[in-house]
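Student: Below are the structure tokens for one structure; questions will follow.
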């Protein structure tokens, strides 16, 4: 999808980055911009050494982004390196990362190109038993991700101070307040006043006190970030929103999904009263993001913008129906 945040690079700039990362003896043979993402720019590059690589380029520091989206490329690189080293979940290898802004005015990194297709693009053509197999495997992989323990709640970056020492309730409250401040700043209309929304959220926050151990959460593990080939998962991508938090933040626990295969693979369904209320809170958080990011990214697809508002209106009704 076309987004205001995407940095556009010319062929000369792509060649410059290839040389900086792989050496002067390696040249760019061909390039293709990938259009599936909604935040970073991405390019599929063929190199003279026979390698095919993916280049991801972050938005400029001046681009309008949401508060939680600042410096999230570093999060993606660190999360990919950690999970790749653990070896329990298939992820692309990171070849190089540069946030110095010496080559171009944007952070960027090169990673392994995965041979496969996004699951969301092929799911409709797959047999039910293949879908069940993929989603059962996804549940197992998601459980493996969530088994990784951290020493603080909040942003993934181990060097960041945000969230260090704070409870999960305080950390998530800060995340939600930051998002609502973004909405106010951008003039985004919600189904109720901002004050009403904040009060309703405050009523749910005590439910988070049961979460006392920080777990690695991918957070954005929707079907578009799952690559499949020959009926199996070959890679999980887009780790830029990874954080240390509550496992119930994961996408397959949102209202958009209800997969018996995933639940079987994960080994849990999380349906206690407390867990149900936590999931409703995280549903609202995602649905708010889907609306508010339309305005920071200046999406041209008005049908998508309309859908996000309708989705949020339904989410608000569910959230306030006790």
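Residue numbers (full-length UniProt numbering): 1 to 322.
A virtual CB, placed ideally from N, CA and C, is assigned to each residue, including glycine.
Count the other CB atoms, across all protein chains shown, that sit within 10 Å of the CB of residue 151; report buried if there are 16 or more and exposed otherwise.
Tutor: Result: exposed.
Student: Whole angstroms is fine: what's the gap from residue 323's alpha carbon to residue 107's?
Tutor: In this structure the chain extends from 1 to 322, so residue 323 is not present and cannot be described.
Student: Since residue 311 contacts residue 283 with CB under 8 angstroms, what's their CB separation in whole angstroms?
Tutor: About 10 angstroms separates the two Cβ atoms, so there is no contact after all.
Student: Return the bridge partner residues of residue 112 from the DSSP annotation.
Tutor: Answer is 53, bridged to residue 112.
Student: Count the other CB atoms, across all protein chains shown, that sit within 10 Å of the CB of residue 145; report buried if there are 16 or more and exposed otherwise.
Tutor: Under this definition residue 145 is a buried residue.
Student: Within the continuous alpha helix (DSSP H) that includes residue 215, where are the two ends?
Tutor: From DSSP, residue 215 is part of no alpha helix (DSSP H) but of the beta strand (DSSP E) over 215-217.
Student: Return the chain-ordered list of same chain residues with a C-beta closer than 7 angstroms to the C-beta of residue 168, the five sequence neighbours on each side being excluded.
Tutor: The residues are 153, 208, 211, 245, 246.
Student: Pick out whichever of 230, 248, 221, 69 has its Cα sitting closest to the Cα of residue 237.
Tutor: The residue with the shortest Cα to Cα distance from residue 237 is 221.
Student: If we require 3 or more residues per run, which beta strand (DSSP E) segments fall completely within the stretch 82-157?
Tutor: Here the runs fully enclosed are 94-98, 108-112.
Student: Please list, in chain order, all residues of the same chain as residue 279 whose beta carbon is under 6 angstroms from its beta carbon, the five residues on each side excluded.
Tutor: So the list reads 248, 253, once near-sequence residues are dropped.
Student: To the nearest whole angstrom, what separates the beta carbons of residue 114 and residue 262, a pair I think is in contact under 8 angstroms?
Tutor: The Cβ separation is near 21 angstroms, so there is no contact.
Student: Which term fits residue 306, buried or exposed, when burial requires 16 or more other beta carbons within 10 angstroms of its beta carbon?
Tutor: That one is exposed.
Student: So what's residue 236 in DSSP terms, helix, strand or just coil?
Tutor: Residue state, collapsed to three classes: strand.
Student: Please go through the same chain and pick out, in chain order, the residues whose beta-carbon is closer than 8 angstroms to the beta-carbon of residue 190, but skip the five residues on each side of it.
Tutor: Correct list, in chain order: 183, 197, 288, 291, 312, 316.
Student: Would you mind giving the Cβ-Cβ distance between residue 195 and residue 218, rounded to the nearest angstrom? I have them listed as a contact below 8 angstroms.
Tutor: No, residue 195 and residue 218 are not in contact; Cβ-Cβ is about 32 angstroms, not under 8 angstroms.
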